[in-house]
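Undergrad: Quick one: this structure, given as structure tokens, is what I'll be asking you about.
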Amino acid sequence: MNFPPTEIQQLVEEIAAILRSKNQTLAISEAACASDFYIGGKLVYSVRQRLRLSGWSKEDIGNYVGPSTQVALKLARTTKYDLGSTYVLSETGFAGPTTDLHLQTNQNSDAGVGTVYFGVSGPNGEHTLSCETGISERSKNMTEFARLGLKFLLETLKEETSD
1 MNFPPTEIQQ LVEEIAAILR SKNQTLAISE AACASDFYIG GKLVYSVRQR LRLSGWSKED
61 IGNYVGPSTQ VALKLARTTK YDLGSTYVLS ETGFAGPTTD LHLQTNQNSD AGVGTVYFGV
121 SGPNGEHTLS CETGISERSK NMTEFARLGL KFLLETLKEE TSD
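Just so it is clear: in the sequence shown, position 90 is 90 by full-length UniProt numbering, and no numbers are missing.
Here is the structure:
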């Protein structure tokens with residue numbers, strides 16, 4: 001298997017072409033060989049670090065019950081503000097093997113392994129998407145989450161940048 005898989009590589013190339021043609025930028029958590037259009041990102045795992053790095057208030061932390069479209073959108077908004085990129089793609093979800101969030105309370109999301117939420121924040125608005133992969137294996141979900149997120153970003157870019 002090639003890494004990234006061919007379909008993901010094609011999505012990245014098409015996204016890059018659109019952004020370059022419009023002289024726009026993107027921020028996400030990770031992208032190889034993209035230094036001429038990728039300006040940075042944030043990868044936030046612990047709830048405590050969300051408070052410090054993602055603009056979450058103490059109230060946000062106290063009310064957190066797990067990944068959601070609202071969480072994905074807040075991550076996209078704050079990253080766009082912090083990094084000043086034209087677009088931000090954010091992702092949060094349950095790749096597996098469990099959905100245990102290690103929260104102090106018993107309030108956990110009802111979503112299962114394979115559930116992912118995306119947020120895109122751009123110059124013309126904000127968009128969200130939630131998906132269920134039906135996959136229980138973590139590594140396969142990680143690849144599928146990347147594919148789904150890039151596909152969502154590409155669809156959003158095409159809608160927003162059509163002439």
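We put the CB at the ideal spot given by N, CA and C, even for glycine.
Would you kindly work out how many angstroms separate the C-alpha atoms of L157 and V12, rounded to a whole number?
TA: Counting from 1 along the sequence shown, the entry for residue 157 is found at position 157. Counting from 1 along the sequence shown, the entry for residue 12 is found at position 12. So the alpha carbons of these two residues sit roughly 12 angstroms apart.
Undergrad: Across the segment 135-147 and the segment 68-81, are there enough close Cβ pairs to call them in contact, namely three or more that are closer than 8 angstroms?
TA: No: fewer than three Cβ pairs fall under 8 angstroms.
Undergrad: Helix, strand or coil: how does DSSP classify V71 here?
TA: Walking along the sequence shown from the start, residue 71 turns up at place 71. In this structure, V71 counts as helix in the three-state DSSP scheme.
Undergrad: Within the same chain, show all residues whose beta-carbon is closer than 7 angstroms to that of residue 249, passing over the 5 residues directly before and after it, in chain order.
TA: What is shown of the chain runs 1 to 163, which leaves residue 249 out entirely.
Undergrad: Go ahead and pull the three-state DSSP assignment for G62.
TA: Along the sequence shown, one-based indexing puts residue 62 at 62. The answer is helix: DSSP assigns G62 an H, G or I state.
Undergrad: Nearest to E91 by CA position, among H127, P4, S162 and N2, is which residue?
TA: Numbered from its first residue, the sequence shown carries residue 91 at position 91. Taking only the C-alpha atoms, the option nearest E91 is H127.
Undergrad: Note the first and the last residue of the continuous alpha helix (DSSP H) segment covering F94.
TA: Translated into the one-based positions of the sequence shown, residue 94 becomes position 94. Per DSSP, F94 belongs to no alpha helix (DSSP H) and is neither H nor E.
Undergrad: Please identify the residue among F118, Q24, F3 and A146 whose C-alpha is closest to the C-alpha of R77.
TA: Taking the sequence shown and counting its residues from 1, the one referred to as residue 77 is at position 77. If we check each option's Cα against that of R77, F118 comes out closest.
Undergrad: Given a cut-off of 7 angstroms, decide if A16 and V88 are closer than it, judged by their beta-carbon atoms.
TA: Here the question's residue 88 lines up with position 88 in the sequence shown. Here the question's residue 16 lines up with position 16 in the sequence shown. Going by C-beta atoms, V88 is not nearer than 7 angstroms to A16.
Undergrad: Could you check whether C131 and V116 sit closer than 7 angstroms to each other, using their CB atoms as the reference points?
TA: Along the sequence shown, one-based indexing puts residue 116 at 116. Along the sequence shown, one-based indexing puts residue 131 at 131. Their beta carbons are under 7 angstroms apart, which means V116 touches C131 by this criterion.
Undergrad: Quick one: give me the first and last residue of the beta strand (DSSP E) that E57 is part of.
TA: Taking the sequence shown and counting its residues from 1, the one referred to as residue 57 is at position 57. Here residue 57 turns out to be Ser, not Glu, going by the sequence shown. First-last for S57: undefined, no H or E at that position.
Undergrad: With DSSP as the reference, label E132 as helix, strand or coil.
TA: Walking along the sequence shown from the start, residue 132 turns up at place 132. It is a strand residue.
Undergrad: Could you give the distance in angstroms between the alpha-carbon of E159 and the alpha-carbon of G62?
TA: One-based indexing of the sequence shown puts residue 159 at position 159. One-based indexing of the sequence shown puts residue 62 at position 62. Taking the straight line from one Cα to the other gives about 36 angstroms.
Undergrad: Relative to the C-alpha of I8, which candidate in T25, F145 and S162 has its C-alpha closest?
TA: Within the sequence shown, numbered from 1, the residue matching residue 8 stands at position 8. The candidate whose alpha carbon is nearest that of I8 is F145.
Undergrad: Would you identify the three-state DSSP class for S121, choosing helix, strand or coil?
TA: The sequence position of residue 121 within the sequence shown is 121, counting from 1. If DSSP states are grouped into helix, strand and coil, S121 belongs with the strands.
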